[in-house]
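Protein chains in written order, with the working numbering: chain A, 10 to 275; chain B, 10 to 275.
Virtual Cβ for every residue (Gly too), placed ideally from N, Cα, C.
All figures in this text were calculated on a predicted structure; none of them were measured in a lab.
2 protein chains.
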Amino acid sequence: MFEIIGERINTSRKLVQAAVSHRDSDYIIDDVKKQQAAGATFIDVNAGARIGHEEEDMRWLLDTIQPVCEIPLALDSPDPAILEMAFAMVEKPPMINSISLEKERFDAMMPFLNAKDCKVIALCMDDAGMPESAGDILARAKTLVEELNKIGIPTANIYVDPLVQPISTDSNKGVMVLDAVRAIKAEFPEVHITGGLSNISYGLPERHIINRTFVTLMMDAGMDSAIIDPLDNKIMSTIRTADMLLGHDQFCMKYLKCVRSGTIKS
Amino acid sequence: MFEIIGERINTSRKLVQAAVSHRDSDYIIDDVKKQQAAGATFIDVNAGARIGHEEEDMRWLLDTIQPVCEIPLALDSPDPAILEMAFAMVEKPPMINSISLEKERFDAMMPFLNAKDCKVIALCMDDAGMPESAGDILARAKTLVEELNKIGIPTANIYVDPLVQPISTDSNKGVMVLDAVRAIKAEFPEVHITGGLSNISYGLPERHIINRTFVTLMMDAGMDSAIIDPLDNKIMSTIRTADMLLGHDQFCMKYLKCVRSGTIKS
């Protein structure tokens with residue numbers, strides 16, 4: 010089953026920031042419920058945008074969300090101290106968003122993740138920056154999987170993010186990441202592939218059709234999770250449809266259910 | 010480059026049938042010009058629907074279309090005698106639509122195709138009916154390629170149609186044809202893959218999203234041609250976008266041109 014990491018609870022979004030700063034729990038609860046109803050399998054929580062308030066905002070968000078949330082949370086911060094604090098607050102084993110190969114982040118994250126019961130998003134980013142080739146992405150994924158395995162995180166709990174880059178900067182950026190995903194899945198069949206998708210269309214017009222065509226290609230390559238807005242009907246319709254076409258929807262039951270509920274539209 | 014076999018000139022379509030029976034050349038010419046402008050690379054011509062009139066209708070259509078058509082024609086009939094007559098009338102080497110492994114058709118087509126300068130659509134159909142597995146499709150494609158090679162048709166002139174079947178009848182029908190296309194391209198890298206697409210969504214609601222998601226998957230597997238309506242903006246938008254994402258559109262120039270001309274819309 011394709012996993013949807015619902016990205017809406019993020020203080021970089023204006024209305025969420027307003028709700029968080031006014032401690033408007035109704036707004037947050039309503040948004041979380043909508044994401045769940047739309048098919049989210051994780052709720053991402055990012056409280057990083059109000060500088061100097063991340064810890065208190067994250068605490069308040071977790072206190073607000075957990076009583077109404079039936080699915081696990083994805084704890085989202087670049088700061089390992091915030092993730093550690095948040096981890097101690099959650100009831101269900103969470104997803105940690107994220108570790109990378111940037112030395113400072115990596116060194117701070119590994120002790121924190123050691124032997125923890127959680128899922129981990131592993132970004133193929135290092136101190137040299139974004140990866141430059143499919144081989145580069147694969148090499149970084151391999152290091153991340155091996156290092157995480159060493160501290161007791163099983164491969165099936167690792168969500169590699171190959172870092173989608175804009176095709177407007179280089180016509181080869183689509184094929185590069187698709188090849189990388191195929192190579193990673195060939196080497197580590199149990200690993201999950203996740204990430205944001207909309208970077209692919211950065212700088213181009215009519216971005217929706219690029220994003221939905223790209224998620225289809227990524228799913229074909231082996232992506233089985235994405236960090237998206239579950240209330241975006243266009244991308245969700247495409248994901249449901251691709252899942253059916255790729256043989257993951259017996260008798261087309263899930264597809265038909267989504268059509269009936271109005272969430273799949275041509 | 011993805012090749013578009015424009016399917017509109019077919020007497021099974023009501024308005025075309027009316028135009029053909031009234032010898033309304035303006036209608037036909039206008040339609041052909043629209044298909045060319047929309048990016049068709051072949052114009053399919055099928056005069057089969059007016060029983061007893063196929064020969065005269067095909068002659069009239071070819072006389073009408075050729076003076077205004079800058080691209081090759083795809084001569085479309087189950088009757089080898091009609092194809093032979095039409096072949097003698099065309100100025101540019103045509104595409105022949107189609108041969109199959111059904112014995113009667115095969116035996117009548119092979120002498121006609123022998124050493125001809127043309128492209129050939131080869132359907133993976135035999136007297137047992139539709140193929141039942143990816144291996145079955147591959148085996149039929151292999152026989153078709155080998156037999157056509159023997160009579161001097163090079164592999165690069167063969168357009169294998171793996172025969173898309175409705176996913177509503179079996180959740181595996183999508184994966185079956187995708188696997189088959191990958192296997193055929195692995196065995197015969199030069200062969201083209203073509204076909205109609207809309208069968209995949211037969212019997213299901215919201216067919217457009219299924220068709221456009223499916224063409225994306227098929228292109229990823231190796232399909233490089235399709236028999237479609239070039240005036241269907243939704244499917245054409247997806248094909249242009251997938252072509253870009255698969256690395257066939259340097260600097261996104263073709264994509265941007267289509268957006269500017271209004272033919273790509275999210």
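Quiz item: Name the chain B residues that come within less than 9 Å of Asn181 (chain A), Cβ to Cβ?
Solution: What Asn181 (chain A) touches in chain B: Gly256.
Self-check item: Limits of the beta strand (DSSP E) - the one that Tyr168 (chain A) falls within
Solution: Tyr168 (chain A) -> beta strand (DSSP E) spans Ile167 to Asp170.
Self-check item: Counterpart residues of Asn242 (chain A) in DSSP-defined beta bridges
Solution: The partner list for Asn242 (chain A) (beta bridge, DSSP) is empty, contrary to what the question assumes.
Practice problem: Could you say which of A:Lys23, A:Glu63, A:Trp69 and A:Thr272 lies nearest to Ile38 (chain A) if we only look at CA atoms? | Solution: Residue A:Trp69 is the option with its Cα nearest to Ile38 (chain A).
Practice problem: Closer than 9 Å by beta-carbon distance: list the chain B residues that pair up with Cys127 (chain A), in chain order. | Solution: Against chain B, a Cβ distance below 9 Å from Cys127 (chain A) picks out nothing, because the smallest value is about 32 Å.
Exercise. Just the C-alpha distance for Gly204 (chain A) and Ala97 (chain B), rounded to the nearest angstrom, thanks.
Key: Computed Cα separation, rounded: 56 Å.
Quiz item: Between the C-alpha atoms of Val99 (chain A) and Leu157 (chain A), what's the straight-line distance to the nearest angstrom?
Solution: When the Cα atoms are used, Val99 (chain A) and Leu157 (chain A) turn out to be separated by approximately 21 Å.
Exercise. Consider the Cβ of Met232 (chain A): report whether some Cβ of chain B lies at a distance smaller than 8 Å.
Key: Judged by the 8 Å Cβ criterion, Met232 (chain A) is not in contact with chain B.
Quiz item: Considering only residues of the same chain and omitting the five flanking positions on each side of Leu153 (chain B), which have a CB-CB separation below 6 Å?
Solution: Counting only Cβ-Cβ distances below 6 Å, and skipping sequence neighbours, we find Ala131.
Quiz item: Taking the C-alpha atoms as reference points, what is the distance between Leu226 (chain A) and Leu226 (chain B)?
Solution: Going by the C-alpha atoms only, they are around 6 Å apart.
Quiz prompt | CB contact below 8 Å: Met1 (chain B) versus chain A | solution = Here chain B covers residues 10 to 275 and nothing more, so residue 1 (chain B) does not appear.
Quiz prompt | For Lys266 (chain A), three-class secondary structure by DSSP | solution = The three-state reading of DSSP puts Lys266 (chain A) in helix, counting H, G and I together.
Practice problem: Check the Cβ of Asp229 (chain B) against every Cβ in chain A and list those closer than 7 Å, keeping chain order. | Solution: Simply Leu226 and Asp229.
Quiz item: Under a Cβ-count criterion, where at least 16 other Cβ atoms within 10 Å of its own Cβ denotes burial, should Gln259 (chain A) be classed as buried or exposed?
Solution: Residue environment analysis places Gln259 (chain A) among the exposed positions, since fewer than 16 neighbouring C-beta atoms fall within 10 angstroms of its C-beta.
Self-check item: Member of A:Met253, A:Asp233 and A:Gly57 whose CA lies at the smallest distance from the CA of Lys6 (chain B)
Solution: Nothing about residue 6 (chain B) can be reported from this structure: the residues present for chain B run from 10 to 275 only.
Quiz item: Under 8 Å, do Phe51 (chain A) and Ala83 (chain A) count as touching if we go by C-beta distance?
Solution: Cβ atoms of Phe51 (chain A) and Ala83 (chain A): closer than 8 Å.
Quiz prompt | Whole-angstrom distance between Ser142 (chain B) and Tyr168 (chain B), CA atom to CA atom | solution = Their Cα atoms are separated by approximately 19 Å.
Practice problem: Determine the burial state of Asp136 (chain A): buried for a count of at least 16 other Cβ atoms within 10 Å of its Cβ, exposed for fewer. | Solution: Exposed is the call here.
Exercise. Using the DSSP secondary-structure output, state which residues sit across from Phe51 (chain A) in a beta bridge.
Key: DSSP, once it has assigned bridges, lists A:Ile14 as partnering Phe51 (chain A).
Quiz item: Unbroken beta strand (DSSP E) runs of length 3 or more, entirely within the stretch 73-110 of chain B: which are they?
Solution: With a minimum length of 3 residues, the continuous beta strand (DSSP E) runs that stay inside the stretch 73-110 of chain B are 82-85 and 104-110.
Quiz item: Which of the residues in the stretch 258-270 of chain A, read from start to end, lie with their CB under 8 Å from any CB of chain B?
Solution: Within the stretch 258-270 of chain A, the qualifying residues are Asp258, Gln259, Phe260, Cys261, Tyr264, Leu265 and Val268.
Quiz item: In terms of DSSP beta bridges, what is Val129 (chain A) paired with?
Solution: According to DSSP, Val129 (chain A) bridges with A:Ile105 and A:Ile167.
Quiz item: Are three or more beta carbon pairs between the stretch 180-195 of chain B and the stretch 227-239 of chain B nearer than 8 Å?
Solution: Three or more beta-carbon pairs drawn from the stretch 180-195 of chain B and the stretch 227-239 of chain B are found closer than 8 Å, and the two stretches are therefore classed as touching.
Exercise. For chain B, find out if any of its Cβ atoms is closer than 8 Å to the Cβ of Leu213 (chain A); answer yes or no.
Key: Leu213 (chain A) counts as touching chain B.
Self-check item: Delimiting residues of the alpha helix (DSSP H) encompassing Ala235 (chain A)
Solution: The continuous stretches of alpha helix (DSSP H) do not include Ala235 (chain A), which lies in the beta strand (DSSP E) extending over residues Ser234 to Ile237.
Quiz prompt | Rounded distance between the beta-carbons of Ala235 (chain B) and Ile14 (chain B), thought under 8 Å | solution = The Cβ separation is near 7 Å, so the contact holds.
Quiz item: Does DSSP put Lys123 (chain B) in a helix, a strand or coil?
Solution: It is worth fixing the name first, because residue 123 (chain B) is Asn in this sequence and not Lys. Here Asn123 (chain B) sits in coil by DSSP.
Quiz item: For His201 (chain B), does the three-state DSSP call read helix, strand or coil?
Solution: In the structure shown, His201 (chain B) sits in a strand (DSSP, three-state: E or B).
Quiz item: For Asn181 (chain B), which three-state DSSP category applies?
Solution: DSSP places Asn181 (chain B) in coil when its eight states are reduced to three.
Exercise. Measure from the C-beta of Met245 (chain B) to each C-beta in chain A and report whether the shortest distance is under 8 Å.
Key: The beta carbon of Met245 (chain B) sits no closer than 8 Å to any beta carbon of chain A.
Practice problem: Can you give me the Cβ contacts of Ser207 (chain A) inside the same chain, cut-off strictly under 6 Å, excluding the 5 residues immediately before and after it? | Solution: Asn220, listed in sequence order.
Self-check item: 9 Å Cβ cut-off: residues of chain A touching Ile14 (chain B)
Solution: The premise fails here: Ile14 (chain B) is roughly 21 Å from chain A at the closest Cβ pair, so nothing lies under 9 Å.
Quiz item: Excluding the five sequence neighbours on either side, which residues of its own chain have a C-beta within less than 6 Å of the C-beta of His201 (chain B), listed in chain order?
Solution: Cβ neighbours of His201 (chain B) within its own chain (closer than 6 Å, five residues either side excluded): Tyr168, Asp233 and Ser234.
Exercise. Give a yes or no on whether the minimum CB-CB distance between Ser177 (chain B) and chain A is below 8 Å.
Key: Interface residue, yes.
Quiz item: Among B:Met119, B:Thr73, B:Ala251 and B:Val224, which residue has its Cα nearest to the Cα of Asp33 (chain B)?
Solution: Closest in alpha carbon position to Asp33 (chain B), among B:Met119, B:Thr73, B:Ala251 and B:Val224, is B:Thr73.
Quiz item: Roughly how many whole angstroms lie between the Cα atoms of Glu113 (chain B) and Gly57 (chain B)?
Solution: C-alpha separation (whole angstroms): 18 Å.
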